[in-house]
Amino acid sequence: MARNTDPVCKMCRREQMKLFLKGDRCFSPKCPIDREALPPGMHGARRSKTSEYGIRLREKQKLKRFYGVLEAQFRRYYQLATRAVGNTGEQLLSILERRLDNVVHRLGFAINRNSARQMVAHGHILVNGKKCDIPSMLVKPGDIIKVKTRDGSLKMARETLQKGAVRIPDFLELTNNQDAPEGRMTRMPSRQDVDERITDIREQLIIEIATR
1 MARNTDPVCK MCRREQMKLF LKGDRCFSPK CPIDREALPP GMHGARRSKT
51 SEYGIRLREK QKLKRFYGVL EAQFRRYYQL ATRAVGNTGE QLLSILERRL
101 DNVVHRLGFA INRNSARQMV AHGHILVNGK KCDIPSMLVK PGDIIKVKTR
151 DGSLKMARET LQKGAVRIPD FLELTNNQDA PEGRMTRMPS RQDVDERITD
201 IREQLIIEIA TR
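Just so you know, the UniProt record's numbering puts 68 at position 68 of the sequence shown, and the rest follows in order with no gaps.
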């Protein structure tokens with residue numbers, strides 16, 4: 001299973017926005033974005049005009065890093081979005097919201113998508129009663145996502161739920177947060193359901209660079 005092992009705070013500095021990749025640190029004074037840190041590299045302080053291509057590239061990189069997908073995965077999702085009915089950009093965002101690791105995070109079982117990805121990969125999550133260890137699996141309406149009923153699995157999910165740090169979107173429903181945390185997808189996510197921390201993403205620019 002491929003994953004990005006770059007320093008996560010460095011990614012936020014490069015995009016000059018919070019990508020919420022490091023859990024509680026993102027909400028603490030230690031966050032480099034709150035301290036107005038410069039982009040990484042020896043030329044980070046240089047103020048140069050970004051080209052039209054560069055603007056579109058940065059939008060795509062923000063989206064990929066926020067959801068934790070690599071280029072090959074992004075290309076696959078783009079192809080799925082082009083074959084779907086409706087606006088391609090909105091369909092792309094909907095597909096990313098349906099990833100199992102994203103759904104686990106947005107149900108409040110994990111503090112961030114990296115933790116949710118680890119929970120899924122280590123077998124702590126059940127989908128429709130069966131273990132699923134594929135973070136990129138696309139959840140469908142009606143699917144039930146449940147934390148496995150064993151002490152280690154339940155402890156991680158309960159701690160995050162007690163913090164209440166994650167707002168559950170309208171397309172998901174938390175059906176049980178006591179004995180064994182459980183939720184389900186009630187409908188397909190729309191543009192309005194995208195994580196509020198990245199609602200300013202300009203998906204049309206991403207589609208323009210993806211068509212090259």
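Glycine included, every Cβ here is placed at the ideal spot set by N, Cα and C.
Just so you know, these numbers come straight off a predicted model, no measurement behind them.
So residue i and residue j are in contact, right, with Cβ under 8 Å, and what is the actual spacing, rounded?
i      : j      : result
Leu138 : Arg99  : 7 Å
Ile145 : Val103 : 6 Å
Arg106 : Val166 : 6 Å
For residue i, which of helix, strand or coil comes out of DSSP?
i      : result
Gly183 : strand
Lys60  : helix
Phe74  : helix
Ala84  : coil
Ile111 : coil
Ser94  : helix
Which one or two residues does DSSP pair with residue i in a beta bridge?
i      : result
Val147 : Ile125
Leu138 : Arg99
Glu173 : Arg184
Lys155 : In DSSP, Lys155 forms no bridge with anything.
Lys130 : Val127
Beta-carbon within less than 8 Å of residue i's beta-carbon, same chain only, minus the 5 sequence neighbours each way: which residues are those?
i      : result
Glu90  : Ser190, Arg191, Glu203
Ile206 : Arg56, Glu59, Lys60, Leu63, Gly89, Leu92
Gln73  : Ser136
For the ligand GTP, any of its heavy atoms closer than 6 Å to the Cβ of residue i?
i      : result
Ser190 : For the ligand GTP, the structure offers nothing, since it holds no ligand at all.
**Request:** Report yes or no: do three or more beta-carbon pairs, one from the stretch 75-89 and one from the stretch 127-134, lie closer than 8 Å?
**Result:** Counting Cβ pairs under 8 Å, fewer than three are found: no touch.
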